[in-house]
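Notes follow once the structure below has been shown.
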Amino acid sequence: MSKVQYAPGKWTADSIMFTKRHEAHGALAVRHGRSMGGTSAYALLGPDMTMPGAATNNPPSAIGAGWDLPWGGVGGPGICFTQDGNQTWVRAHLINGEWEGSGASWANLTPMTSGGNANHKWVEGRMKTYLQNFRAFDKNNNGGHNNYWYGLQYWVQASIDPWAAPPAAAGNLYSYAPNMIRVTWRIVTLPKPAPGLWAWPPAAVAGTPAWIQATPALTPATMATIGPDLPNIPNNNIPAVLVNNAANMASIGGLVYAVPPGAPAIPAVASPYDGTVEIMQD
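Here's what the structure looks like:
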């Protein structure tokens, strides 16, 4: 649970303090002069995501030209994504709606087939298990009197290559969807505020989220701490590529959009629990 020491020897009650911080998004993807979907996103996810009452919803609600309305200009596709009779398309979150990721902004959404989105949800489920283990540590280790949190850095980058077979023509609907999204995660620790930073518990609870937002002191988590702190965390057995369509194999390891402005660069792997997966369209 999230507790912080607000005076020497005193700790706050279990509170929602560390959910999502440092969120950043890239620009919209532009293909053949038309924008459709986000390019990249980043968020620092905290253990309080799994506290009762902390989860959000944020279903996809963004609409517009190309998704459910005719494309603008000339030479574009004759149908929009909701009219495709060959595939079921969804507005896939880059940062999960349960993690406070917006469903109303295309900067956090991209067109994904239902199969590709299901694979992303599977990866997100493993991240939720990690977060649950972070919360178990915060709640049970040392009676909850820990001087640091575990957190999860989470990057999502859409491919620059579209799903359409080359050459991707302006009139091909699949020219406006990414071939895949690349998801990267790193487990980190973040120090809690120093004892005595606040004099009473309401101020500590109210002030901690902004304190986390302003504190860049993330330390890569290694097996030296993960081993004793998180004995029940599952192995990272997520494949490097999730492929539903053999034709996608040629694009494995393809170029992706850069991490969004304001987001940290992706650091080196620090433990066997860090990873990257490319999630292909179905």
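Residues in the sequence shown are numbered consecutively from 3, following the working numbering.
Each residue gets a CB set at the ideal place from its N, CA and C atoms; glycine is no exception.
Sub-8 Å separation of residue i and residue j beta-carbons
i    : j    : result
S2   : G117 : Absent from the structure is residue 2, since the part of the chain shown begins at 3 and ends at 284.
P193 : N238 : no
R184 : E280 : yes
P61  : G99  : yes
D86  : L220 : no
L47  : W101 : yes
S4   : D140 : yes
A223 : V261 : no
Y44  : W187 : no
G277 : I240 : yes
H34  : A179 : no
P54  : F20  : no
F83  : W73  : no
A15  : P263 : no
V207 : S17  : yes
L111 : G209 : no
T90  : T115 : yes
Per DSSP, cross-strand counterpart(s) of residue i
i    : result
Q1   : In the structure as shown, the chain starts at 3 and stops at 284, and residue 1 therefore has no counterpart that could be examined.
H34  : In DSSP, H34 forms no bridge with anything.
G155 : The identity of residue 155 in the sequence shown is Gln, whereas the question assumes Gly. L46, R188, per the DSSP bridge assignment.
I183 : A160, I281
K22  : L47
P72  : In the DSSP output, where bridge partners are listed per residue, P72 has none listed.
H27  : A43
T221 : T191
L244 : I281
A67  : L71
Boundaries (first-last residue) of the alpha helix (DSSP H) holding residue i
i    : result
V258 : No alpha helix (DSSP H) holds V258; DSSP gives it neither H nor E.
L133 : 116-142
P211 : 203-216
CA-to-CA distance, residue j to residue i, given in whole angstroms
i    : j    : result
A56  : V92  : 25 Å
P164 : Y152 : 36 Å
R23  : V76  : 41 Å
P236 : Y132 : 8 Å
G145 : A138 : 11 Å
Y259 : P113 : 15 Å
H95  : P10  : 42 Å
L244 : E25  : 25 Å
N143 : A265 : 31 Å
A109 : I97  : 10 Å
A170 : G198 : 60 Å
I268 : Q159 : 11 Å
S12  : A212 : Per the sequence presented here, residue 12 reads as Lys, with Ser not at that position. About 21 Å.
L232 : P195 : 22 Å
P168 : L257 : 15 Å
I81  : G66  : 13 Å
A242 : Y150 : 30 Å
H27  : H147 : 34 Å
N181 : Q283 : 6 Å
Q134 : T52  : 6 Å
N119 : T41  : 16 Å
A205 : L154 : 26 Å
Three-state secondary structure (DSSP) of residue i
i    : result
G277 : strand
A106 : coil
P230 : helix
W91  : strand
L175 : helix
T112 : strand
T84  : helix
T52  : helix
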